[in-house]
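Chains as they are written, first to last, in our numbering: chain W, 287 to 620; chain H, 24 to 278. For every residue, glycine included, the Cβ atom is placed at its ideal position computed from N, Cα and C. Fair warning: this is a prediction, and the values are worked out from it, not measured in the lab. The structure under discussion appears below in the form of C-alpha cells.
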Amino acid sequence: MKETYKKYIKVVIGLIVAYAVFQILFQTGMINSYYNRIIRQIGIFLISALGLNLILGFTGQFTLGHAAFMSIGAYTSAILTRNFGVPFLLALIAAAFTAAVLAIIIGYPILRLTGDYLAICTLGFGEIVKVFIQNVDYLGGARGISGIENKSGFTVIFVLAALCFAIIMNLIHHSSKGRAILSVKEDEIAAQAMGINTTKYKIIAFAIGCGMAGLAGGLFAHFSQFIDPKSFDFSKSFELMTYVVLGGMGSLSGTVIGTSILIALPEWLRGLSDVVKEYRMLIYAIMLVSMMLFRPQGIMGTKEITVAGLKNFFGKIKRIFRSSSTSVNKGKEA
Amino acid sequence: MSLLSVKNLTIRFGGLLAVNDFNLEIGEQELYGLIGPNGAGKTTVFNMLTGVYTPTGGSITFDGERIDGIKPYNITAKHIARTFQNIRLFGNLTVLQNVMMGYDYQAKSGLFSSIIRTPKQIKEEEKMHEDAMKLLTIFHMEDLAEEKAKNLPYGQQRRLEIARALAANPKLLLLDEPAAGMNPQETAELTELIRWIRDEFKISILLIEHDMKLVMNVCEKITVLSFGQLLAAGKPEEIRNNPRVIEAYLGKRGA
Ligand SMILES: Nc1ncnc2c1ncn2[C@@H]1O[C@H](COP(=O)(O)OP(=O)(O)OP(=O)(O)O)[C@@H](O)[C@H]1O
Ligand SMILES: [Mg+2]
C-alpha cells in the first residue's frame, strides 16, 4: 500500500512540474497565444477521446455517436451559465452528469444485446440530437448559441484532463471492476462464467466515457464561445475515433499522443509553404492510411508509457548506437 | 442429500431434441464423469447447468436451491465454475489477471472506491494478487504470471483455465474435455491434478472427457449420454461392462 501512495506522490509532483513548465512558457511568451489555444484544444478533445477509449478500446463497444454526447454537454453548460447564471464549474459537472444519464438511458436497452447494435443506435442518436437542437428555438436552432463566456483556461483543462486520465487508469489497471470491463472485450461468455454481469459493466463504461464527452463539450462551449449543432456531427465522432485508433485502442498514453498529433499536425502543416498548405488534408490522410497499413494496432498498441519503459527504450537506443559504433571499429581492424 | 440434482432436463433447438429427460445426481466431493459420443449433448448439459442455455423442461437443484433459468453470472455466485471445451481465456490479459478474474465477482470494493483507490480497496487488490500468485504456484505457473494468456502453450492454457475456475470459489467444478489436445504425459499430470484438487479444495467435479483411460481412472461414477438420451449411470466397472454402452459408444470404437 505504501508503494501505491509513493507512486501517487511521484505522479502528482510530475504533474505539478509539467503544469509549472507550461505556465512559465506561457508567461514568458515562449508559447504564444496561438499555440496556447491549440494546446487547450488538444486538452479538451483529449478528455473526450479518453472517454471514447474507455468505451471503444477497453470495453470493446463500438460507438459512433461520441460527439453527440459532447454536444449535450456543450449545450447543457452553455445554457446553464448563459441563461441561469450558474457558476462555470457547476455547469461543467451538470454537463458531464447529463451526458452520463442520457448514456445510461440509451445504453440500457442496447447494451444487453451482443453485436454491433450500439454502433447503429449511437449513429441514429447523433442525428436525433442534431435535428432536435436545430428545431428548438430555445437552443438557438441551426444558428447555434454565441456569446458564451470564455472560461476554459489552461488550468481547468489541465486539471480535468489529468483527472480523467487518472480515473480510467485506476479503474482499468488496478481494480476488479476494471478487469471486469477488460474481460467484456476479451470474451463475454467467459466473463459471465466468471460471475461478471457483462451488461452492467458495459453500461458503466459507456456512462463514464460519455460523461467525459459531456465534460469536454462543456469545456469546448466556453472555449470556442460559439456552438452550433454542426460542431458535433458525425464527422466529429469519426475524428475522435481516429485520435483513439492512431494512439492505440486500450492505451491512455496512446490517446494523449494520438490526440496531440492529429490536432497539431494540420495546424503545423498550415504553417508550412503554400504547396503543403494546399495539400494539407491530403498529406494528413496519407499519413493516417500508411499508419493503419504499417502499424494497425496504433502507436502504442495497448501499452502505456512508464518510467521503466522509457529507461528501457533509451537503453535500447544506446545499445544500438554502441553496437553500431563497435562494429564500425571491427570493420577497420579487419 | 446430493449437491447437484438434475431431473428430467430437456432442451430443444428448433426441431432438434438435443437433451431429453436427463437425470443426474452428484454428491459432495464426488468425482463424476459424463461421457458419450460426439454430439451426444454433453456440452449442452454444461451450458444448461451454467445458465448459458435455458432448459425447455425439467429442473436443476444445486445446494438445495433451484437454479435452472438463472443468468450465468448468478450461477457463478452460487458456486458453480466451469471450463470450456474450446478454451476461453482472456487472451490479451496476463496469466495473473486471468486468475484474478476468478476473484473479481467476490470483491467488495465498489466503483467509486476503485476510482479513488481507498486504502481498503488497495488492500483488497493486494490480497487478491497474493491469493492468485499462491494458486499459480500450486499450478507451477508462477513464472508465467506476467505472460499474456494467449502466448501460453496449449496444455498450459487448459491448466490456467482450471486455475481461473478454482479462483471463483466453486463447490462444483465443471470440466469440459480438459485433456483434449494434451500429450500422454500432460494427461497423466492432469489425472493427478484433478484428484488433488478434489482432496485439497473439497469440491465436487463433473468431468466431460473422451479419454476413456482418464475417465475410468479418475471418476467414481459415470453417466453415459447418447443422442441426447441417458443411456446408463453407475460405477466405472458397471459402465465398462454395460452392453448398451458398449454398443452405443465403446463398441463403435472397438469396431
Ligand atoms: N445453440 C445451439 N443451437 C442448435 N443446436 C445446438 C446448439 N448447441 C448444441 N446444439 C446441437 O446439440 C447437439 C449436442 O451438442 P453438444 O455440443 O452438446 O455435443 P457434445 O456431446 O458436447 O459433443 P462433443 O463431444 O463433440 O463436444 C449437437 O447436435 C449440436 O449441434
Ligand atoms: Mg462438447
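*Which bits of chain A does Leu457(W) rub up against, with CB to CB less than 9 Å?*
Among the protein chains of the structure shown, namely W and H, there is no chain A.
*Given that Met123(H) touches chain W, what residues does it touch there, using C-beta distances under 9 Å?*
Ser462 and Arg465
*asked:* Is there a C-beta anywhere in chain H that falls below 8 Å from the one on Ser537(W)?
replied: no
*In whole angstroms, what separates the C-alpha of Thr588(W) from that of Gln478(W)?*
23 Å
*Taking C-alpha atoms, which residue in Phe36(H), Leu47(H), Met124(H) and Pro60(H) lies nearest to His459(W)?*
Met124(H)
*Using the C-alpha atoms, what's the distance from Leu538(W) back to Met455(W)?*
8 Å
*Per DSSP, which residues does Ala256(H) bridge with? Please list them.*
Thr246(H)
*Taking Ala191(H) as the query, report the chain W residues whose CB atoms sit under 9 Å from its CB, ordered along the chain.*
Ala479, Met480 and Gly481
*Please go through the same chain and pick out, in chain order, the residues whose beta-carbon is closer than 8 Å to the beta-carbon of Ala621(W), but skip the five residues on each side of it.*
Residue 621(W) lies beyond the range of chain W shown here (287 to 620); nothing can be said about it.
_Closer than 9 Å at the beta carbon, the chain W residues around Arg105(H)_ = Ala479
*Quick one: what's got a C-beta closer than 7 Å to Lys416(W)'s C-beta in the same chain, skipping five residues either side?*
Pro515 and Asp519
*Neighbour-count burial assignment, Asn43(H), 16 or more Cβ in a 10 Å radius*: buried
*heavy atom of ligand 2 below 7 Å from Ile475(W) C-beta*: no
_Within chain H, the residues that Asp423(W) reaches when beta carbons sit closer than 8 Å_ = Going along chain H, no residue has its Cβ under 8 Å from Asp423(W), so there is no contact; the nearest lies around 39 Å.
*asked:* So if I threshold CB-CB distances at 7 Å, which residues from the stretch 327 to 343 of chain W count as touching chain H?
replied: none
_Residue nearest to Ile490(W) in terms of C-alpha spacing, selected from Gly401(W), Ser432(W), Ala385(W) and Arg556(W)_ = Ala385(W)
_For Ile110(H) and Gln208(H), believed in contact at Cβ under 8 Å, the rounded distance_ = Rounded, the Cβ-Cβ distance is 19 Å, inconsistent with contact.
_Contact set, ligand 1 heavy atom to C-beta under 6 Å_ = Phe36(H), Leu39(H), Ala41(H), Gly59(H), Asn61(H), Gly62(H), Ala63(H), Gly64(H), Lys65(H), Thr66(H), Thr67(H) and Gln108(H)
*asked:* Please report the straight-line C-alpha distance between Ile475(W) and Asp234(H), rounded to a whole angstrom.
replied: 26 Å
*asked:* Taking 8 Å as the threshold (C-beta atoms), are Leu213(H) and Met205(H) in contact?
replied: Contact: yes.
*Under 7 Å from any heavy atom of ligand 2, does the C-beta of Asp199(H) make it?*
yes
_Is Ile231(H) near ligand 2 - that is, is its Cβ less than 7 Å away from at least one heavy atom of it?_
yes
*By the 10 Å Cβ neighbour count, where 16 or more other Cβ atoms means buried, how is Asn61(H) classified, buried or exposed?*
exposed
*asked:* Starting from Thr408(W), trace the alpha helix (DSSP H) in both directions and tell me its first and last residue.
replied: Tyr403 to Asn421
*Does DSSP put Leu116(H) in a helix, in a strand, or in coil?*
coil
*Measure the alpha-carbon distance for Arg608(W) versus Lys602(W) and round it to whole angstroms.*
10 Å
*asked:* Here's a check: name, in chain order, each residue in its chain whose Cβ is nearer than 7 Å to the Cβ of His352(W), leaving out the five neighbours to either side.
replied: Ser334, Leu338, Ala499, Ser523 and Leu526
*Are any of the Cβ atoms in chain H nearer than 8 Å to that of Ser469(W)?*
yes
*Straight-line CA distance for Glu289(W) to Lys225(H)?*
37 Å
*Does the stretch 355 to 363 of chain W come close enough to the stretch 494 to 514 of chain W that 3 or more CB-CB pairs lie under 8 Å?*
yes
*asked:* Can you confirm whether Thr73(H), when its beta carbon is compared against all beta carbons of chain W, has any partner nearer than 8 Å?
replied: Closer than 8 Å to some Cβ of chain W, the Cβ of Thr73(H) qualifies, so yes.
*Beta-carbon of Gly92(H) versus every beta-carbon of chain W: anything under 8 Å?*
no
*Go through its chain and collect everything with a Cβ distance to Leu72(H)'s Cβ below 7 Å, but skip five positions before and after it.*
Beyond the five residues adjoining it in sequence on each side, Leu72(H) comes within less than 7 Å, by CB distance, of Ile83, Ile103 and Leu197 in the same chain, given in chain order.
*Taking Cβ positions only, does Met287(W) come closer than 8 Å to chain H?*
yes
*asked:* Determine whether the beta carbon atoms of Thr545(W) and Leu332(W) lie at a separation below 8 Å.
replied: yes
*So, helix, strand or coil for Phe312(W), using DSSP?*
helix
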